[in-house]
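Visitor: For the sequence shown, the residue numbers in full-length UniProt numbering are 1 to 171.
Positions of the beta carbon are idealized from the N, C-alpha and C atoms, including for glycine.
Keep in mind it's a predicted model, so treat the numbers as computed, not measured.
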Amino acid sequence: MKLFIMRHGEAAPQQASALLGGASYTSDEARELTSYGEDEVRASTQWLSEHYPKLDLAIASPLVRAQQTLDLVSDEIPIELRETSDEVTPSSDPEAFASALLARLQVEPAETVLVVSHMPFVCYLVSYLDQKVQAPLFPTAGIAVLDIEPLAMRGDLQSMTAPPEPTMSGA
Numbered sequence: 001m002k003l004f005i006m007r008h009g010e011a012a013p014q015q016a017s018a019l020l021g022g023a024s025y026t027s028d029e030a031r032e033l034t035s036y037g038e039d040e041v042r043a044s045t046q047w048l049s050e051h052y053p054k055l056d057l058a059i060a061s062p063l064v065r066a067q068q069t070l071d072l073v074s075d076e077i078p079i080e081l082r083e084t085s086d087e088v089t090p091s092s093d094p095e096a097f098a099s100a101l102l103a104r105l106q107v108e109p110a111e112t113v114l115v116v117s118h119m120p121f122v123c124y125l126v127s128y129l130d131q132k133v134q135a136p137l138f139p140t141a142g143i144a145v146l147d148i149e150p151l152a153m154r155g156d157l158q159s160m161t162a163p164p165e166p167t168m169s170g171a
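#1: Kindly indicate which residue of E29, T161 and K132 has the alpha-carbon position closest to the one of A66.
#2: Tell whether a beta-carbon distance below 9 Å holds between V116 and A58.
#3: Can you tell me whether A103 is helix, strand or coil according to DSSP?
#4: Quick check: is any heavy atom of the ligand GDP less than 8 Å from the C-beta of A30?
#5: Figure out for me which residue from L105, K2, L3 and H8 has the closest Cα to the Cα of G142.
#6: Under 8 Å Cβ to Cβ from A100, same chain only, skipping five residues before and after it: list those, please.
#7: Rounded to the nearest angstrom, what separates R154 and I148 at their Cα positions?
#8: Please go through the same chain and pick out, in chain order, the residues whose beta-carbon is closer than 6 Å to the beta-carbon of T69, but skip the five residues on each side of it.
#9: Using the Cα positions of S44 and P164, report the straight-line distance between them to the nearest angstrom.
#10: Within 10 angstroms of its Cβ, does S159 collect 16 or more other Cβ (buried), or is it exposed?
#11: At the level of alpha carbons, what is the spacing between A11 and M1?
#12: How big is the Cα-Cα spacing for E50 and P13?
#13: With a threshold of 16 other CB atoms inside 10 Å of the CB of I5, please say whether the residue is buried or exposed.
#14: I'd like the span of the alpha helix (DSSP H) that includes L45, first residue to last.
#15: Taking DSSP's pairing of strands, which residues face G142 in a bridge?
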């Protein structure tokens, strides 16, 4: 089965300059995607849809920018089951999440699974699943593709994909 681990698109800084018309967010959880971040996600989604035209399961962090990222993905790729999980936030335990996900996939098989989350969670999740690789740095809207063997409780990193330089929407 394929597991796609995706970092959300570029998000607005928590304290954007009011002089430049930027918003100030009361918490990290509320930060939204920038228009550039939306374009990044669309570019990565295009690549994903060309190779994998549907997703069986998608799990996203409850943080706004991850939810917005998954919304953009689901605009282009049909998703059979979509979930929000507190277990894939920036400070979540990647080992606990991976163990629970792989155990779940032993009894609820899926061919394609997408996890949308944040740094540093995404990099540690990849290195936990494929212990042959060091924790990779993820660009915003980057996707790691892993072959997963739920019964063996491990994965094999196949590729890391950065979004192509998006063409700016509205330009």
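Guide: Considering the structure as presented:
#1: E29
#2: yes
#3: helix
#4: As far as ligands go, the structure on display features none, and thus does not contain the ligand GDP.
#5: H8
#6: E87
#7: 6 Å
#8: H8, G9, V41 and V116
#9: 7 Å
#10: exposed
#11: 30 Å
#12: 31 Å
#13: buried
#14: Looking at the sequence provided, one finds Thr at residue 45 rather than Leu. Unbroken alpha helix (DSSP H) run through T45: S35 to H51.
#15: DSSP, once it has assigned bridges, lists no residue as partnering G142.
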